[in-house]
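J.:
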Amino acid sequence: MPYLTAPADARRTAGGEQLGFGVPGYAHPLLAPAEWAELARPGTPLHWAVLNIANGPGTRPDPHCLEAAGRLRNARERALHGEAPDDTVRASGGRLLGHLDLAFGERPFGELIADARSFIDWYRIGGFYLAHCPTERAELPAVRRLTGTLHALLAESDSADGGGRLVLGHGAHPYPGYAEAADQLVTFQGPWTDYRWSQVAEWTADYPPERFAHFVHGVPRTHLEEAMRIARWQGAGTIFFTDRNDRNDRDDRTGQSDPFATLPRYWDEIVSRIGPGISE
Numbered sequence: 403m404p405y406l407t408a409p410a411d412a413r414r415t416a417g418g419e420q421l422g423f424g425v426p427g428y429a430h431p432l433l434a435p436a437e438w439a440e441l442a443r444p445g446t447p448l449h450w451a452v453l454n455i456a457n458g459p460g461t462r463p464d465p466h467c468l469e470a471a472g473r474l475r476n477a478r479e480r481a482l483h484g485e486a487p488d489d490t491v492r493a494s495g496g497r498l499l500g501h502l503d504l505a506f507g508e509r510p511f512g513e514l515i516a517d518a519r520s521f522i523d524w525y526r527i528g529g530f531y532l533a534h535c536p537t538e539r540a541e542l543p544a545v546r547r548l549t550g551t552l553h554a555l556l557a558e559s560d561s562a563d564g565g566g567r568l569v570l571g572h573g574a575h576p577y578p579g580y581a582e583a584a585d586q587l588v589t590f591q592g593p594w595t596d597y598r599w600s601q602v603a604e605w606t607a608d609y610p611p612e613r614f615a616h617f618v619h620g621v622p623r624t625h626l627e628e629a630m631r632i633a634r635w636q637g638a639g640t641i642f643f644t645d646r647n648d649r650n651d652r653d654d655r656t657g658q659s660d661p662f663a664t665l666p667r668y669w670d671e672i673v674s675r676i677g678p679g680i681s682e
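Start counting the sequence shown at 403; every next residue gets the next number (this note's numbering).
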């Protein structure tokens, strides 16, 4: 398969290093309470989850989102500073990230910073997910300016331990310089039919697995092991795999057709395959 043609030094997670989940954004907590509850369940291997109210923070604090954010923040606190931090059955240690839509470089800098301040002030988030991030070299200076400012805002916040986390939601391999602009890049987002034949960019071999994330929808239960093997082989440390599709798979509870907005039907199985969360 094409993913096996990656350079030898890119095959750096084949030894079974710990994968974890990145959640691109569940439906509103009022519509998807089970999904949000799972994020704080003991042992969930969560790296981060995205909070997105109205393609951003919304116009005012949402009480349901405040409650969900508080639960996840408390779970992280227990994971990092609990009485038994080495217990293999522990609370999730994942961060909550605020959703900022870059519109592929079209949104004004001032609008993005205003949204970022609202996320920090209202929800005490621990970082940002920059959706629809450009991939071209020409856009890199603007993205660097934005991420530098976001890092400064997070450093001033008392909620972002370790300076916060920034994830660039490219969905494809960008110009290599983007790897220096944030903590993690989403280098694949799409269907299983593309992922199983995908190839990793050779430059990614210069970075450890925690720098990359893959989001794949339409993964059949029978191909979970293969999907996880591809992620490890291609050097992705953060994943979200689901059997749901972007078409003809509307969730009756949430009204969502976004395949990543709800739990995959095999959630418990994939959690058990990855193993309990490991705090930072």
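Every residue, glycine too, gets a C-beta built ideally from N, C-alpha and C.
For Thr595, name the three-state secondary structure that DSSP assigns.
T.: helix
J.: Taking only the alpha-carbon atoms, compute the straight-line gap between Leu448 and Phe511 and give it to the nearest angstrom.
T.: Roughly 30 Å between the two C-alpha positions.
J.: Measure the C-alpha to C-alpha separation of Ala477 and Phe423 and round it to an integer number of angstroms.
T.: 15 Å
J.: List the residues that DSSP assigns as beta-bridge partners of Arg497.
T.: In DSSP, Arg497 forms a bridge with Trp450.
J.: In the DSSP output, what is Asp503 paired with across the bridge?
T.: Ala533
J.: So, at 6 Å on beta carbons, what are the nonlocal neighbours of Gly566 in its own chain, with the 5 sequence-adjacent residues on each side left out?
T.: Gly528, Gly529, Leu556
J.: Would you mind sorting Thr664 into buried or exposed? The rule is 16 or more other CB atoms within 10 Å of its CB.
T.: Buried is the call here.
J.: Could you pull out every residue in the same chain whose Cβ sits closer than 7 Å to the Cβ of Ala633, ignoring the five residues on either side in sequence?
T.: Leu421, His616, Ile641
J.: Within the continuous alpha helix (DSSP H) that includes Val673, where are the two ends?
T.: Looking at the DSSP string, the run of the alpha helix (DSSP H) that includes Val673 is 669-676.
J.: Please state the DSSP three-state secondary structure of Val545.
T.: helix
J.: Could you give the DSSP three-state label for Ile632: helix, strand or coil?
T.: helix
J.: Pairing CB atoms from the stretch 465-473 with CB atoms from the stretch 531-547, are three or more of them under 8 Å?
T.: no
J.: Just the Cα atoms here: how many angstroms apart are Asp382 and Phe662?
T.: Nothing can be reported for residue 382, as the shown portion of the chain is limited to 403 through 682.
J.: What is the DSSP secondary structure of Leu552, reduced to helix, strand or coil?
T.: helix
J.: Taking Arg480 as the reference, give the member of Glu437, Ala436, Pro444, Asp517 with the closest Cα.
T.: Selected option, being the one with the closest Cα: Pro444.
J.: Restricting to Cα atoms, I'd like to know which of Trp669, Arg675, Gly677 is closest to Ala439.
T.: Minimum Cα distance to Ala439 is reached at Trp669.
J.: If we count the other Cβ atoms within 10 Å of its Cβ and call it buried at 16 or more, is Ala554 buried or exposed?
T.: exposed
J.: Smallest Cα separation from Val452: which of Leu474, Thr461, Gly500?
T.: Gly500
J.: With a threshold of 6 Å on Cβ separation, who are the neighbours of Asp653 within its own chain once the five nearest residues in sequence on each side are excluded?
T.: Residue confidence for Asp653 is low, a pLDDT of 49 falling below 50, so the modelled location carries little weight; the figure read from the coordinates is stated next. The beta carbon of Asp653 lies closer than 6 Å to those of Thr664 in the same chain, with the five residues before and after it left out.
J.: As a quick exercise: from Phe643, Leu587, Tyr580, Gly571, pick the residue whose alpha carbon is nearest that of Glu612.
T.: Among Phe643, Leu587, Tyr580, Gly571, the Cα nearest to that of Glu612 is on Leu587.
J.: Bridge partners for Arg567 per DSSP, in chain order?
T.: Gly529
J.: Pro622 and Phe643 look like a contact to me (Cβ under 8 Å); what is the Cβ gap, rounded to whole Å?
T.: Actually they are not in contact, since the Cβ atoms of Pro622 and Phe643 sit about 10 Å apart, beyond 8 Å.
J.: If you follow the alpha helix (DSSP H) that His483 is part of, which residue opens it and which one closes it?
T.: 465-483
J.: Quickly, what does DSSP pair His430 with across the bridge? List them, please.
T.: In DSSP, His430 forms no bridge with anything.
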